[in-house]
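A.B. asks: Sharing a structure here in structure tokens format.
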Amino acid sequence: MRKVFWISFRLRMTYRINSILYAIRQVPGLKRMLSVSLYGKTGLKMVFTVLALLWEIVSIFINKGLYVAICIYYPVVLMASKQPSLAIIHIFFFFSIAGAISNNTMFDPTKDKYYAMISLRMDAKAYTLTDYAYSMVKILVGMGVSLWVVCLWCPIPWYYCLVVPFYIIAAKTISAAWSLYRFETKKILRNENSPVKLIWTLILTCWVLAYGTLFAGFFLPVIVYLVLMVMVIVIGIGVCPYVLRFQRFREMYRLLLQKGPVQIKASMKEVQNKNSWDMISQDQKITSQKTGYAYFNDLFIKRHKRILWRSSKRMTLICLGIVVFTGILEVFLAEAREVVQGFVLNYLPYFVFILYSFNSSKSVVQAMFRNCDHSMLTYSFYRRPDVILSLFRLRLRSLIVINLMPALVLAIGLPILLAISQADESIWVYPIVFICIVSTSIFFSIHYLTSYYLLQPYNEFTETKSATYGIVMSLTYIVCFAFIYIHMSTYVFGTIMSLFCILYILIAYKLVYAKAPKTFRLRR
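Written as structure tokens, this is what we have:
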């Protein structure tokens, strides 16, 4: 087992190092400087091996720490729960169930598993069990440390900090054993990349139970959570022998990994194309009164209406539901009015991260590439500066309108909620909140479309193949997440955000006109 783990670990590190080297060579200006022989440089690979190992260790704590902070700790703080320790345990209880049925590495058809078990023909059982045990150890360490850190701000009983990580592992083990049993008896194969509707329903139910009761302030007695967690741990220990004795891992992975990386990409592209085609309107009566490229863009928007507007409509309904529900609470609860006042007046920068989270620009840009630019970029006239800038303006208008629908619900809803809370503030705070939310939404539309034109990251399989684009998107996430920690006056932040949006759009226009003819191309 030790030997298998060491081989699999080295394989994973090698794959990661080569991916890093490939990404570095994709950065503009570095590809010519760094030749393909870079992959064979032993000294350089040693450096990247050390970095990869450090990242492997650090990521254990970063991933789990962010999960605990964003999904568990901050919602409890935001809701100003009177029983914070009980609320955290409550969310952990239901989120662990959701994670067990939706996130299990044993059934994730990754490339390293394909290379190990199919290409190198490693022992499937030994590889699976060692890989799974390694994942569980990372959960045990990462969640354990994260919980002890939370204890510094919230008085969670020490024995819960010990029980919860083992409860999470036990829940995942029970889920894995059940999936293996179904495969053995009914030939039902679980694939983490293709969850069925029942799984989505169970996940949604767990989220509603976790956050809904948090909002209502209703929890079970603390001893009940402890008893249930211990019961899950006991059952998890009980099913371990079945997992260890399971003999059909190779057969399972042959089905799960029956297509290699290239075939999987081609198959995914075929599925994507079919799904896109099914959602494109075939109505021959769809037309436009516009001319030139405005006609071209208008037809695209109308025929792809279901794809482009799907996410925006969903988020609009969710935002509307939250606003209405919050308004009802304000009418009946004085505490809710105080929370709304404090949140809107002191935590307006928080909405940068919220708007970033449900902005649909990335999926809309992908749809533009998959259903239009993928073919049109083969024509040279499509990359002329005047054509690019013309379509950029038209698309930007359409993208802003798509993203404004949910943003307007917040932009109108927040001032209304602030008015209901009877805040003792100047009347100017209402238009500033409105303008700030709208400006932030417009900024993200500009940002994503500009990044797309300047970096065009997609290949024929709609995979992101630009390291620079990945870095820009990562930095965007980091900056937006950092806004959670910024406390600033609504007047100051609203004014700054509005001016920044105007400046950004002027810079974006100039960059797209000057650089896009060289960068807006089909990647191979």
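Position one of the sequence shown corresponds to residue 9 (my numbering), numbered consecutively onward.
Cβ atoms here follow ideal geometry from the backbone N, Cα and C, with glycine treated the same way.
(1) Just the C-alpha distance for ILE164 and VAL230, rounded to the nearest angstrom, thanks.
(2) Quick one: residues in its chain with C-beta nearer than 7 Å to the C-beta of CYS214, no 5 flanking neighbours on either side, listed in chain order?
(3) Determine the direct distance from the alpha carbon of ASN199 to that of ALA141, and round the result to whole angstroms.
(4) Whether or not the segment 394-405 and the segment 352-369 are in contact is what I'm after, with contact meaning three or more pairs of Cβ atoms, one per stretch, closer than 8 Å; do they touch?
(5) In three-state DSSP terms, what is LEU356?
(6) For a test of your reading of the model: does the CB of THR498 fall under 6 Å from any non-hydrogen atom of the ligand FAD? Yes or no.
(7) Taking DSSP as the reference, what is the three-state secondary structure of THR386?
(8) CA-CA distance, LEU197 and GLY150?
(9) Take the Cβ of GLY300 as the centre, count every other Cβ of all protein chains shown within 10 Å, and call the residue buried at 16 or more, exposed below.
(10) Identify, in the order they occur along the chain, each residue of the same chain with its Cβ nearer than 8 Å to the Cβ of ARG20, setting aside the five sequence neighbours on each side.
(11) Can you give the Cα-Cα distance for SER482 and THR476, rounded to whole angstroms?
(12) Quick one: what's got a C-beta closer than 6 Å to VAL437's C-beta in the same chain, skipping five residues either side?
(13) Look up VAL235 in the DSSP assignment and say whether it is helix, strand or coil.
(14) Is THR324 helix, strand or coil when you go by DSSP?
(15) So which of GLY335, MET114, TYR466 has the shortest CA-CA distance to LEU252?
(16) Quick one: is GLN464 buried, meaning 16 or more other Cβ sit within 10 Å of its Cβ, or exposed?
(17) Between THR57 and GLN91, what straight-line distance do the alpha-carbon atoms span, to the nearest angstrom?
(18) On the criterion of 16 or more Cβ atoms from any shown chain inside 10 Å, does LYS282 qualify as buried, or is it exposed?
(19) Applying the 10 Å Cβ sphere with the 16-neighbour rule, what's the burial state of TRP285?
(20) Pairing CB atoms from the segment 324-334 with CB atoms from the segment 403-412, are three or more of them under 8 Å?
(21) So SER506 and CYS444 are supposed to be a Cβ contact under 8 Å. How far apart are they, rounded?
(22) Out of ILE510, ASP432, LEU265, ALA302, which one is the CA nearest neighbour of MET125?
(23) Candidates PHE174, ASN354, PHE69: which alpha carbon is nearest PHE501's?
(24) Who are the near neighbours of TYR521 in its chain, counting only those whose CB is closer than 6 Å to its CB and skipping five residues on each side?
(25) Does DSSP classify HIS312 as helix, strand or coil?
(26) So, for LEU316: in the same chain, excluding its five sequence neighbours on each side, which residues have a beta-carbon less than 7 Å away from its beta-carbon?
(27) Ignore the nearest five residues each way along the sequence and tell me which others in LYS370's own chain have a CB closer than 7 Å to its CB.
(28) Just to confirm before moving on: does the CB-CB distance between ALA516 and THR458 stay below 7 Å?
(29) State buried or exposed for GLU343, treating a residue as buried only when at least 16 other CB atoms are found within 10 Å of its CB.
(30) Does the contact criterion of 3 or more C-beta pairs under 8 Å hold for the segment 423-435 versus the segment 487-494?
(31) Using the Cα positions of VAL247 and LEU206, report the straight-line distance between them to the nearest angstrom.
(32) Quick check: TYR175 and ILE241, are their CB atoms within less than 7 Å of each other?
(33) Going by CA-CA distance only, name the one from PHE304, VAL216, TYR261, PHE451 that's closest to LYS195.
(34) On the CB-based measure, 16 or more other CB atoms within 10 Å of its CB, does LEU514 come out buried or exposed?
(35) Specify the secondary structure class of PHE254 as computed by DSSP and reduced to three states.
C.D. replies: Result, derived from the coordinates:
(1) Within the sequence shown, residue 164 is the residue found at index 156, counting from 1. Within the sequence shown, residue 230 is the residue found at index 222, counting from 1. Cα-Cα distance, rounded: 11 Å.
(2) Here residue 214 refers to the residue found at position 206 when the sequence shown is read from its first residue. Only PHE102, PHE103, ILE105, ALA106 meet the Cβ criterion.
(3) Taking the first residue of the sequence shown as position 1, residue 141 is located at position 133. Taking the first residue of the sequence shown as position 1, residue 199 is located at position 191. Going from the Cα of ALA141 to the Cα of ASN199 covers about 19 Å.
(4) no
(5) As a working mapping, residue 356 is identified with position 348 in the sequence shown. Coil.
(6) This structure simply doesn't include the ligand FAD, nor any ligand for that matter.
(7) Your numbering for residue 386 matches position 378 in the sequence shown. If DSSP states are grouped into helix, strand and coil, THR386 belongs with coil.
(8) In the sequence shown, counting from the first residue as 1, residue 197 sits at position 189. In the sequence shown, counting from the first residue as 1, residue 150 sits at position 142. Rounded to whole angstroms, LEU197 to GLY150 spans 29 Å at the Cα level.
(9) Residue numbering aside, residue 300 sits at position 292 when the sequence shown is read from its first letter. Answer is exposed; the Cβ neighbour count stays below 16.
(10) Here residue 20 refers to the residue found at position 12 when the sequence shown is read from its first residue. These residues qualify, in order along the chain: ASP120.
(11) As a first step, residue 482 must be located in the sequence shown, where it is residue number 474. As a first step, residue 476 must be located in the sequence shown, where it is residue number 468. When rounded, the distance between both Cα atoms is 10 Å.
(12) The residue labelled residue 437 in the question sits at position 429 within the sequence shown. These residues qualify, in order along the chain: THR498.
(13) Mapped onto the sequence shown, residue 235 falls at position 227. Of the three classes helix, strand and coil, the one that applies to VAL235 here is helix, per DSSP.
(14) Here the question's residue 324 lines up with position 316 in the sequence shown. Of the three classes helix, strand and coil, the one that applies to THR324 here is helix, per DSSP.
(15) One-based indexing of the sequence shown puts residue 252 at position 244. For the residues GLY335, MET114, TYR466, the minimum Cα distance to LEU252 belongs to MET114.
(16) Position 456 of the sequence shown, counting from 1, holds the residue named residue 464. Buried, since its Cβ has 16 or more Cβ neighbours within 10 Å.
(17) Locating residue 57 in the sequence shown gives position 49, where the first residue counts as 1. Locating residue 91 in the sequence shown gives position 83, where the first residue counts as 1. Distance between the alpha carbons of THR57 and GLN91: 45 Å.
(18) Stepping through the sequence shown from its first residue, residue 282 is reached at position 274. For LYS282, the pLDDT reaches just 48, beneath the cut-off of 50, and the residue's location in the model is therefore unreliable, leaving the point undetermined.
(19) Indexing the sequence shown from 1 puts residue 285 at position 277. For TRP285, the predicted structure reports a pLDDT of 47, less than 50, and the residue's modelled location is therefore unreliable. A value from the coordinates is still provided. Exposed: under 16 other Cβ atoms inside 10 Å.
(20) no
(21) Residue mapping note: residue 506 aligns to position 498 of the sequence shown, counting from 1. Residue mapping note: residue 444 aligns to position 436 of the sequence shown, counting from 1. Yes, they are in contact, since the Cβ atoms of SER506 and CYS444 sit about 7 Å apart, within 8 Å.
(22) What you label residue 125 is simply residue 117 of the sequence shown in a count that begins at 1. Closest option to MET125, Cα to Cα, is LEU265.
(23) Walking along the sequence shown from the start, residue 501 turns up at place 493. The shortest Cα separation from PHE501 among PHE174, ASN354, PHE69 belongs to ASN354.
(24) As a first step, residue 521 must be located in the sequence shown, where it is residue number 513. PRO393, LEU397.
(25) Against the sequence shown, residue 312 aligns to sequence position 304. Three-state DSSP puts HIS312 in coil, outside helix and strand.
(26) Against the sequence shown, residue 316 aligns to sequence position 308. For LEU316, where only same-chain residues beyond five positions count, the Cβ hits under 7 Å are ILE309, VAL372, ALA375, ILE410.
(27) Stepping through the sequence shown from its first residue, residue 370 is reached at position 362. Same-chain partners within the cutoff: TYR456.
(28) The residue you call residue 516 lines up with position 508 of the sequence shown. The residue you call residue 458 lines up with position 450 of the sequence shown. Yes, Cβ-Cβ distance for ALA516 and THR458 is below 7 Å.
(29) Numbered from its first residue, the sequence shown carries residue 343 at position 335. It is exposed - the Cβ of GLU343 has fewer than 16 other Cβ atoms within 10 Å.
(30) no
(31) Walking along the sequence shown from the start, residue 247 turns up at place 239. Walking along the sequence shown from the start, residue 206 turns up at place 198. C-alpha separation (whole angstroms): 23 Å.
(32) In the sequence shown, the residue the question calls residue 175 occupies position 167. In the sequence shown, the residue the question calls residue 241 occupies position 233. Yes, the Cβ-Cβ distance between TYR175 and ILE241 is below 7 Å.
(33) Within the sequence shown, the letter at position 187 stands for residue 195. Closest option to LYS195, Cα to Cα, is TYR261.
(34) The residue given as residue 514 occupies position 506 in the sequence shown. So LEU514 ends up on the exposed side.
(35) For the purposes of this step, residue 254 is taken as the residue at position 246 of the sequence shown. DSSP places PHE254 in coil when its eight states are reduced to three.
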